[in-house]
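Residue 1 is where the sequence shown starts when you use UniProt numbering, and the numbers rise one by one after that.
From the three backbone atoms N, C-alpha and C, an ideal C-beta is built for every residue, glycine too.
Structure first, commentary second.
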Amino acid sequence: MKRISLTQHLIEEQRLHNNIPAELRLLIEVVARACKTISHAVGKGALGEVLGSADSENVQGEVQKKLDIISNDILLQANEWGGHLAAMASEEMETIHPIPNRYPMGEYLLLFDPLDGSSNIDVNVSIGTIFSVLKAPAGMSAPNEQAFLQPGSQQVAAGYAVYGPQTVLVLTTGNGVQSFTLDREMGSWVMTQREAKIPEDTKEYAINASNARHWFAPVQRYVDEMNAGKTGPRAKDFNMRWIASMVADVHRILTRGGIFMYPADARDPDKPGKLRLMYEANPMAFIVEQAGGAATNGKERILDIQPTSLHQRVAVFLGSKNEVDLVTGYHNEA
Ligand code: P6P
């Protein structure tokens with residue numbers, strides 16, 4: 001396959017679909033460049049004095065890892081001056097981050113989880129950066145949190161970088177899903193997959209099985225039926241994977257199919273699961289749907305959910321369409 005760069009791909013997409021204005025192309029390239037810098041910092045590990053926890057907690061009440069903060073700062077500093085953004089929001093920051101007055105304000109909003117799966121940093125397991133791009137509401141003078149509270153269907157781009165044996169950037173601008181592998185010698189993103197497709201069926205599921213005693217009935221039924229294997233109602237054996245790094249689990253599903261689940265459970269019936277809607281579930285749902293998969297909160301399409309707060313959580317079922325439809329059906333029967 002002729003290898004093309006991220007820049008060439010974005011310019012060709014612009015010609016083909018006319019839905020990637022220069023400002024959006026610039027934004028995506030700046031974020032991709034920031035992910036290269038994060039990959040470099042992550043790759044240093046103990047040599048870079050970047051492992052371990054910082055003496056701080058984020059808005060989620062989670063102890064921040066040094067690399068969480070470093071990655072967040074890299075994304076803020078890379079995106080402040082470009083003139084393509086009106087504001088940013090991050091898992092690591094309680095409120096939105098407006099563009100400093102000394103820089104021009106643009107028409108896009110950028111949301112990100114700067115380093116997802118950070119509990120895996122110190123044990124050298126794949127982690128990643130997730131990002132989502134929205135258009136700022138027309139005529140907005142001073143950005144506020146309300147401007148960000150748009151359903152995931154309004155995203156104009158979304159992507160993630162997975163920092164694993166390879167560093168891979170996965171991107172959608174609404175015209176399918178493309179993957180780019182970081183050529184470390186050249187420092188460039190090189191297209192290595194033009195059209196990711198998630199198989200509609202699978203034999204592999206991902207859930208944190210240690211929570212099984214807390215699951216509600218629809219999830220219990222769905223997982224029990226898979227665990228019953230060939231002699232059970234599904235009439236086939238299933239495999240289970242759980243990396244506890246959403247980016248790594250989703251990347252596996254994008255690559256070979258599967259279903260990823262982080263359900264609400266009885267531990268806190270008012271808490272709809274652990275993952276965040278705006279900068280984890282929405283971008284991943286956009287990517288998964290663009291690759292032919294499905295993504296729901298057990299009841300409805302994640303991309304249809306009207307957000308009410310920046311850091312709200314949501315239950316997540318995403319991946320191979322027939323499996324997501326089945327477990328969602330169980331919820332809607334209940
Ligand atoms: P648990 C990482 O902390 C994260 O937000 C996701 O990346 C991951 O899928 C999930 O939490 C893991 O949660 O409860 O299994 O540790």
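Proximity test, A244 beta-carbon vs the ligand SAM heavy atom, cut-off 7 Å: This structure lacks the ligand SAM; the ligands present are the ligand P6P.
Check whether N19 and T173 have beta carbons under 8 Å apart: Yes; because the gap between Cβ atoms is below 8 Å, this pair is in contact.
Rounded straight-line distance, which links the Cα of Y108 to that of T328: Looking at the backbone, the Cα of T328 and that of Y108 are separated by about 33 Å.
Cα-Cα separation, V219 to N322: Going from the Cα of V219 to the Cα of N322 covers about 15 Å.
Reduced DSSP secondary structure (H/G/I, E/B, other) of S71: S71 falls in the helix class under three-state DSSP.
W215 to Y262 span [Cα, whole Å]: Cα-Cα distance, rounded: 10 Å.
Cβ contact check for the stretch 59-78 and the stretch 108-123: 3 or more pairs under 8 Å: Because the criterion of three Cβ pairs below 8 Å is met, the stretch 59-78 and the stretch 108-123 touch.
Beta-carbon proximity of M284 to M226, cut-off 8 Å: At the C-beta level, M284 and M226 stay beyond 8 Å of one another.
Every unbroken alpha helix (DSSP H) inside the stretch 137-183 [4 residues or more]: The qualifying runs are 145-148.
For A161 and S71, the rounded distance between their alpha carbons: Straight-line Cα distance between these residues: approximately 12 Å.
Close-in-space but distant-in-sequence residues of the same chain around Y279 (CB under 8 Å, 5 per side omitted): Only A89, S90, E91, L111, F112, D113, I130, F131 and S132 meet the Cβ criterion.
C-beta contact flag for R221 and Y330 at 8 Å: Yes.
Distance cut-off 7 Å: S53 Cβ against heavy atoms of the ligand P6P: Not one heavy atom of the ligand P6P falls within 7 Å of the beta-carbon of S53.
DSSP-derived helix/strand/coil call for D268: DSSP places D268 in coil when its eight states are reduced to three.
7 Å Cβ shell around E13 - same chain, five flanking residues per side excluded: In its chain, beyond the 5 residues on either side, I20, T173 and N175 have a beta carbon closer than 7 Å to the beta carbon of E13.
Rounded straight-line distance, which links the Cα of S153 to that of I305: Distance between I305 and S153, taken at the CA atoms: about 9 Å.
Member of E300, F317, N332 and V125 whose CA lies at the smallest distance from the CA of P151: Taking P151 as reference, the option from E300, F317, N332 and V125 with the minimal CA-CA separation is E300.
Cutoff 7 Å; reference D265; Cβ partners in own chain excluding five residues on either side: Answer for D265: N211, H214, W215 and F216, listed in chain order.
Beta-carbon contacts of W81 that lie in its chain and below 8 Å, excluding the five residues immediately before and after: The answer, listed in chain order, is Y103.
DSSP three-state assignment for Y108, whether helix, strand or coil: Y108: strand per DSSP, three-state reduction.
Where M186 sits in the DSSP three-state scheme: DSSP places M186 in coil when its eight states are reduced to three.
Contacts around E195, its chain only, beta-carbon distance under 6 Å, and the 5 residues preceding and following it disregarded: Once the five neighbours on either side are set aside, the close Cβ partners of E195 are G176.
Segment limits, alpha helix (DSSP H) that includes T7: For T7, the enclosing alpha helix (DSSP H) stretches over residues L6 to H17.
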